Amino acid sequence: MTERIEQLREASLKAVNRLSAERGLLVTQFYKELSSAQYSVPVQRAMAFEYILEHKSICINEGELIVGERGPAPKSTPTYPEINLHSLKDLDILDSRKKVSFKVDEETRKAFDEVIIPYWTGRTNRERVFANVGEEWKSAYEAGIFTEFQEQRAPGHTVLGKKIYEKGMLDIIGDIQEALEALDFLADPRAYDKREELKAMEITANVLIMFAERHAGELDKLAALESDPERKTELESMAAVCRRVPAQSPTNMHEALQYYWFVHLGVITELNPWDSFNPGRLDQHLYPFYMEDIAQGRLDEEGVKELLHSFWIKFNNHPSPPKVGVTAEESNTYTDFCLINVGGQKVDGSDAVNEFSFILLDVIEEMRLLQPSSMVQISKKNPDAFVDRAVRIVKTGFGQPSIFNTDAIIQELVRQGKSLEDARNGGASGCVESGAFGTEAYILTGYFNLVKVLEVTLHNGINPLSGKQIGISSGDPASFKTFKDLQEAFLLQLGHFIDIKIRGNNIIERIFGTHLPVPFLSILIDDCISNGTDYNAGGARYNTSYIQGVGLGSITDMLAALEYHVFDKENLSLTTFLKILGDNFEGHDELRAALLYDTPKYGNDDDGADIHATWVFDAFYEAVNGRPTPRGGTYRINMLPTTSHVYFGKMLGATPDGRLAHEPLSEGISPFQGMDRNGPTAVLNSALKIDHLKTGGTLLNQKFTPDFFKDEQSIRKLSQLIRSYFRMDGHHIQFNVVSADTLREAQKHPEKYQDLIVRVAGYSDYFNDLGPELQEEIIRRTEHVSY
Amino acid sequence: MSTVDIFDIKRFAVHDGPGIRTTVFMKGCPLRCWWCHNPESQSMNSVTVDVERKLNGKSIKGLKTYGESVDLDGVMETVLRDRLFYEESGGGVTFSGGEPLMQYAALESLLKISKRNGLHTALDTSGFGRKDHFESILKYTDLFLYDLKNIDRDLHREYTGVDNKLILSNADYLLKKGARVIFRIPVIPGINTMDDELQRLLSFVDERKAMLEEVHLLPYHRIAESKYARLKMKKQMGDVKEPDASFMEGLRERFETTGLKVSIGG
Numbered sequence: 131m132t133e134r135i136e137q138l139r140e141a142s143l144k145a146v147n148r149l150s151a152e153r154g155l156l157v158t159q160f161y162k163e164l165s166s167a168q169y170s171v172p173v174q175r176a177m178a179f180e181y182i183l184e185h186k187s188i189c190i191n192e193g194e195l196i197v198g199e200r201g202p203a204p205k206s207t208p209t210y211p212e213i214n215l216h217s218l219k220d221l222d223i224l225d226s227r228k229k230v231s232f233k234v235d236e237e238t239r240k241a242f243d244e245v246i247i248p249y250w251t252g253r254t255n256r257e258r259v260f261a262n263v264g265e266e267w268k269s270a271y272e273a274g275i276f277t278e279f280q281e282q283r284a285p286g287h288t289v290l291g292k293k294i295y296e297k298g299m300l301d302i303i304g305d306i307q308e309a310l311e312a313l314d315f316l317a318d319p320r321a322y323d324k325r326e327e328l329k330a331m332e333i334t335a336n337v338l339i340m341f342a343e344r345h346a347g348e349l350d351k352l353a354a355l356e357s358d359p360e361r362k363t364e365l366e367s368m369a370a371v372c373r374r375v376p377a378q379s380p381t382n383m384h385e386a387l388q389y390y391w392f393v394h395l396g397v398i399t400e401l402n403p404w405d406s407f408n409p410g411r412l413d414q415h416l417y418p419f420y421m422e423d424i425a426q427g428r429l430d431e432e433g434v435k436e437l438l439h440s441f442w443i444k445f446n447n448h449p450s451p452p453k454v455g456v457t458a459e460e461s462n463t464y465t466d467f468c469l470i471n472v473g474g475q476k477v478d479g480s481d482a483v484n485e486f487s488f489i490l491l492d493v494i495e496e497m498r499l500l501q502p503s504s505m506v507q508i509s510k511k512n513p514d515a516f517v518d519r520a521v522r523i524v525k526t527g528f529g530q531p532s533i534f535n536t537d538a539i540i541q542e543l544v545r546q547g548k549s550l551e552d553a554r555n556g557g558a559s560g561c562v563e564s565g566a567f568g569t570e571a572y573i574l575t576g577y578f579n580l581v582k583v584l585e586v587t588l589h590n591g592i593n594p595l596s597g598k599q600i601g602i603s604s605g606d607p608a609s610f611k612t613f614k615d616l617q618e619a620f621l622l623q624l625g626h627f628i629d630i631k632i633r634g635n636n637i638i639e640r641i642f643g644t645h646l647p648v649p650f651l652s653i654l655i656d657d658c659i660s661n662g663t664d665y666n667a668g669g670a671r672y673n674t675s676y677i678q679g680v681g682l683g684s685i686t687d688m689l690a691a692l693e694y695h696v697f698d699k700e701n702l703s704l705t706t707f708l709k710i711l712g713d714n715f716e717g718h719d720e721l722r723a724a725l726l727y728d729t730p731k732y733g734n735d736d737d738g739a740d741i742h743a744t745w746v747f748d749a750f751y752e753a754v755n756g757r758p759t760p761r762g763g764t765y766r767i768n769m770l771p772t773t774s775h776v777y778f779g780k781m782l783g784a785t786p787d788g789r790l791a792h793e794p795l796s797e798g799i800s801p802f803q804g805m806d807r808n809g810p811t812a813v814l815n816s817a818l819k820i821d822h823l824k825t826g827g828t829l830l831n832q833k834f835t836p837d838f839f840k841d842e843q844s845i846r847k848l849s850q851l852i853r854s855y856f857r858m859d860g861h862h863i864q865f866n867v868v869s870a871d872t873l874r875e876a877q878k879h880p881e882k883y884q885d886l887i888v889r890v891a892g893y894s895d896y897f898n899d900l901g902p903e904l905q906e907e908i909i910r911r912t913e914h915v916s917y
Numbered sequence: 007m008s009t010v011d012i013f014d015i016k017r018f019a020v021h022d023g024p025g026i027r028t029t030v031f032m033k034g035c036p037l038r039c040w041w042c043h044n045p046e047s048q049s050m051n052s053v054t055v056d057v058e059r060k061l062n063g064k065s066i067k068g069l070k071t072y073g074e075s076v077d078l079d080g081v082m083e084t085v086l087r088d089r090l091f092y093e094e095s096g097g098g099v100t101f102s103g104g105e106p107l108m109q110y111a112a113l114e115s116l117l118k119i120s121k122r123n124g125l126h127t128a129l130d131t132s133g134f135g136r137k138d139h140f141e142s143i144l145k146y147t148d149l150f151l152y153d154l155k156n157i158d159r160d161l162h163r164e165y166t167g168v169d170n171k172l173i174l175s176n177a178d179y180l181l182k183k184g185a186r187v188i189f190r191i192p193v194i195p196g197i198n199t200m201d202d203e204l205q206r207l208l209s210f211v212d213e214r215k216a217m218l219e220e221v222h223l224l225p226y227h228r229i230a231e232s233k234y235a236r237l238k239m240k241k242q243m244g245d246v247k248e249p250d251a252s253f254m255e256g257l258r259e260r261f262e263t264t265g266l267k268v269s270i271g272g
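As they're listed, the protein sequences go chains A and B.
Each position in the first sequence, counted from 1, maps to that position plus 130 in this note's numbering.
Each position in the second sequence, counted from 1, maps to that position plus 6 in this note's numbering.
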């Protein structure tokens with residue numbers, strides 16, 4: 131890492147997250163003074179985009195090679211009042227909250243108070259959404275049955291393909307004009323809509339060229355003032371880069387990275403899309419430029435890395451925009467889920483790993499930044515050296531890269547109807563979501579609390595926390611004679627709530643399609659231009675809407691406990707059990723211990739528990755998969771929680787698996803915290819009992835202590851563990867290297883950490899089983915492990 | 007249906023032979039090694055002990071039983087669940103204990119069934135068994151993880167309770183028959199770390215190096231201490247410290263003079 135990169139990285143890490151009123155003010159000004167009803171909605175959105183990028187301040191940081199900031203400075207984060215409006219109280223909360231705070235200065239506060247809030251009150255999309263979804267939806271939403279992604283952010287969730295490396299904005303404008311010329315106002319009833327959308331697209335493409343030219347102008351000025359001749363030349367050549375791209379296609383790595391970065395800023399300035407807009411298969415896109423730069427002697431490896439480092443830091447300068455209200459709990463993080471993909475398959479199905487893939491892995495390890503996050507795609511066709519290299523980064527313990535099964539992703543995408551080629555150009559984004567990069571709008575609609583549905587079932591449609599009837603009457607639990615009666619009642623409630631969720635989403639999708647098109651994002655994703663249709667209205671080649679199932683491990687353990695204790699062993703009646711749950715196990719420690727320690731649990735390759743995981747998964751799949759969306763696409767499921775398992779847990783009382791009221795649920799398809807006692811192969815086997823290929827992604831976390839990665843042999847074995855999981859169609863696995871803090875927690879709450887295995891040379895044992903002195907020793911050792 | 011007495015089946019065992027393995031821990035051992043880290047294995051009988059389960063700072067009594075009789079089919083059903091992991095990693099099944107040869111008939115059946123299912127098999131043994139037993143399992147056993155504790159007979163008798171004559175002659179028998187053997191030397195301070203005893207161990211290995219590929223040095227560890235307390239068994243090792251990393255490295259270098267691959271830990 132060069133000195134200036136170290137400084138830039140340090141500056142990015144130290145930069146204070148601030149709320150910026152810049153975009154809010156510009157968009158307010160535009161809509162208040164300049165927009166006119168004579169323009170169609172898409173054209174107005176394009177004009178707003180133009181107005182913002184024409185007037186926003188240009189920020190060029192000292193020493194950087196890739197330029198452009200969304201706000202006036204690094205980590206200065208805009209708001210999107212047309213989507214959601216921050217109240218003064220929100221600003222105070224953001225400013226003062228301990229975690230994930232955004233500082234708000236007096237001037238910003240004043241701008242909100244005097245300009246932004248007065249104009250947007252009553253005009254935001256959030257208000258529009260809540261006014262339209264209906265009471266049933268709202269009561270389920272408030273009870274924590276589901277969340278809604280598009281309530282505070284725009285539907286994004288797509289990843290860029292290879293388009294910009296082949297086409298400049300001028301080429302894209304040519305494509306738009308061709309589509310405009312092809313419009314047939316006699317035969318095509320949508321010709322007017324298409325024309326307006328295409329006109330809007332054309333405006334936005336020109337805007338990006340203008341935005342780059344503004345940077346070039348600023349770089350000229352800086353170059354003129356620069357006294358260091360080396361930096362002066364550099365600034366001049368950066369200005370030249372900004373004049374070449376995005377107008378024309380890139381000719382070298384520097385141009386390719388700068389082009390992408392302008393595009394990135396465009397997408398996240400146009401609206402605040404959920405989430406993860408990112409360059410996707412970076413090793414594939416950049417490899418030709420890398421080879422050419424090296425061959426021509428334009429760059430050496432260090433120069434390549436310096437550019438990449440500079441690029442990486444840009445992502446880290448851009449935290450996720452803050453939300454409004456108290457819903458921060460849903461996803462309380464600065465990360466905006468950009469996920470760089472490395473490895474996988476080429477479009478012809480061959481091994482895509484190249485020497486540049488390894489360089490990117492070096493960069494990931496060297497940067498150790500929250501953003502961009504990174505993943506490796508592992509196909510059976512990829513070499514072991516690549517897997518081992520990734521595991522060696524995993525062992526450094528910063529949670530990257532996560533590890534994905536390319537062969538499963540391709541099968542998932544093909545099953546959904548994508549062409550094999552488009553599937554091979556895909557990967558995973560966000561947390562674990564499969565997508566066809568450059569051709570698919572795969573929108574996450576919200577997390578779905580499977581556990582809450584069971585709780586409501588156990589109370590005949592009533593939410594026990596509020597006493598309100600939110601579900602249907604599915605039967606008095608006292609009347610359940612068999613476990614099957616319970617299952618049937620659950621299926622009724624599940625169908626009911628999925629219908630509510632989908633009904634609401636069908637409204638929300640149309641709201642965005644009608645009122646908030648994204649012409650700039652639309653020029654990037656095929657086939658929006660040739661369809662003359664916006665990304666938010668179904669213009670992409672593939673359109674998918676996902677509902678994310680949450681709490682699989684928890685609900686499996688709950689069903690296993692109910693079947694085992696109530697119906698099989700008849701240890702207690704369901705009525706008694708529910709009473710004990712209502713009392714949050716007060717005075718029933720022995721029952722709780724039996725539930726935690728002596729009841730079949732998901733994650734142990736125990737069919738007695740896992741059969742319920744398969745059953746719930748299939749029921750959820752049947753309720754959702756294949757239903758049509760208003761964008762002309764299809765509803766699908768995936769199994770990931772981000773941090774919603776914490777929020778959903780708060781919305782629940784005590785549960786039959788022994789979990790206390792308001793505690794978190796299991797995450798992804800991982801076992802409930804600490805309940806897996808048979809080691810990782812058993813966890814993987816349990817997780818493989820659901821059919822991953824029917825999803826658009828599953829998330830599995832595995833904890834390891836640092837000892838596990840001690841020698842080359844262990845690293846190999848972890849790689850082999852991954853290969854085995856993927857051979858059996860597992861979608862994703864992430865290894866968390868546990869810290870000394872976690873081990874201290876395990877000493878305090880052994881019941882939550884039954885899975886922690888500690889390795890000592892030649893022996894291993896469960897952490898819980900060790901004597902206190904030995905536990906202390908292991909903790910000390912973990913503290914001192916430094917890689 | 008034949009059964010086997012086991013006290014644990016450990017999956018993702020990564021120290022008991024190549025690759026990812028499942029280790030079946032069989033009950034019963036004729037030895038009484040002072041440092042034994044599986045003291046619950048020694049008796050053929052099952053032992054039930056009280057365990058404390060902590061919940062919110064409270065202690066709730068529970069029971070834990072070491073040892074149960076299981077159908078051989080039941081054992082194999084568990085073992086076979088991870089066969090893809092074995093295939094992917096070059097792993098398989100390991101029978102350990104205790105001394106698995108204490109339940110010779112069951113062991114032979116398990117090895118035979120494992121081989122029929124195409125698994126790689128390893129036997130973790132003290133070597134204290136009948137020669138004809140070794141002879142008949144030879145064709146079903148791909149790898150012997152063969153313990154060498156003391157070469158000096160008196161030391162061996164003192165610290166393990168048995169004579170080592172049979173153990174050493176069985177080792178030679180297996181090597182002569184061309185079996186794949188890894189010598190595993192537990193490194194126990196004060197018991198086999200005296201210089202002359204180390205030299206004897208080294209010579210024993212060195213004389214047989216042509217027939218060996220690997221040696222494992224397993225440093226003594228206090229990991230089992232809490233088990234002794236739970237089982238109310240006398241801990242004979244007292245406060246013996248674990249050998250430090252530099253001692254182990256020195257030892258590795260010494261054994262590497264044989265030209266064999268030497269690893270610390272499994």
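For glycine and all other residues, C-beta sits at the position ideal for the given N, C-alpha and C.
Model, not experiment: these values are computed from the prediction.
Bridge partners - residue i, DSSP secondary structure assignment
i	result
residue 190(B)	153(B) and 222(B)
residue 74(B)	12(B)
residue 801(A)	Answer is none; residue 801(A) lacks a bridge partner.
residue 101(B)	30(B) and 129(B)
residue 676(A)	574(A) and 766(A)
Straight-line Cα distance separating residue j from residue i
i	j	result
residue 212(A)	residue 420(A)	41 Å
residue 327(A)	residue 175(A)	10 Å
residue 482(A)	residue 474(A)	5 Å
residue 655(A)	residue 562(A)	20 Å
residue 915(A)	residue 743(A)	Since pLDDT at residue 915(A) reaches only 48, below the 50 mark, its modelled position is unreliable, and the value read off the structure follows with that caveat. Straight-line Cα distance between these residues: approximately 37 Å.
residue 415(A)	residue 565(A)	17 Å
residue 118(B)	residue 16(B)	20 Å
residue 384(A)	residue 371(A)	7 Å
residue 704(A)	residue 696(A)	6 Å
residue 12(B)	residue 639(A)	59 Å
Integer Cβ distance of residue i from residue j, believed to fall under 8 Å
i	j	result
residue 600(A)	residue 593(A)	5 Å
residue 248(B)	residue 222(B)	About 16 Å; that fails the 8 Å criterion.
residue 158(A)	residue 295(A)	Not really, about 36 Å apart at Cβ, beyond 8 Å.
Three-way DSSP call (helix, strand, coil) for residue i in this model
i	result
residue 267(A)	helix
residue 862(A)	strand
residue 58(B)	strand
residue 183(B)	coil
Residues near residue i by beta carbon distance below 7 Å, same chain, minus five either side
i	result
residue 270(A)	276, 600, 627 and 630
residue 45(B)	230, 233, 234, 237 and 239
residue 56(B)	67 and 69
Own chain partners of residue i with C-beta closer than 6 Å, once the 5 adjacent residues on each side are dropped
i	result
residue 452(A)	224 and 232
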